[in-house]
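To keep things clear, I will list the structure first and then write my remarks on it.
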């Protein structure tokens, strides 16, 4: 009887360990394989005795998928075209002028100096690009030299 109790106690310990330690399910298939299984089930159910009809049904399903994908591609192309048209309507030179004038104001030039610099930038747009390409400490000096005609 003691042996039975000892044997019984051994089983209880194993049961407790099994309850304490949760084990993962062996079924750890990826979502893509689940998707394939699901698709296969649908195809399996729709199988008829006519192989030609089955082939047409499969092709019809493929065409629906292709149609959706082409629709998405068309939407993307249309959005890209719209974005390109917007960017073409914006004058990059105008943006550069605005940036240069804002930089002049930030460098604390007077209103008259900002206007003179803007006129110079309109006459020679390369000076505007050059000023913006310079390091920040040199920009003020560049504009002062430009305004004094050096």
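In this note's numbering, the protein residues as written are 7 to 156. Built from N, CA and C at the ideal position, the CB exists for glycine as well. On a predicted model such as this, the values are computed, not experimentally measured, just so you know.
query, result
"Limits of the alpha helix (DSSP H) - the one that residue 59 falls within", "57–95"
"Rounded straight-line distance, which links the Cα of residue 94 to that of residue 86", "12 Å"
"For residue 117, three-class secondary structure by DSSP", "helix"
"Outcome for residue 76 when other beta-carbon atoms lying within 10 angstroms are tallied against a minimum of 16", "exposed"
"CA nearest to the CA of residue 133, picked from 110, 96, 114", "110"
"Close-in-space but distant-in-sequence residues of the same chain around residue 129 (CB under 7 Å, 5 per side omitted)", "none"
"Where residue 152 falls: helix, strand or coil (DSSP)", "helix"
"Contacts around residue 146, its chain only, beta-carbon distance under 6 Å, and the 5 residues preceding and following it disregarded", "113"
"Start-to-end residues for the alpha helix (DSSP H) that takes in residue 107", "98–112"
"Check whether residue 124 and residue 107 have beta carbons under 8 Å apart", "yes"
"Rounded C-alpha distance that separates residue 152 from residue 119", "11 Å"
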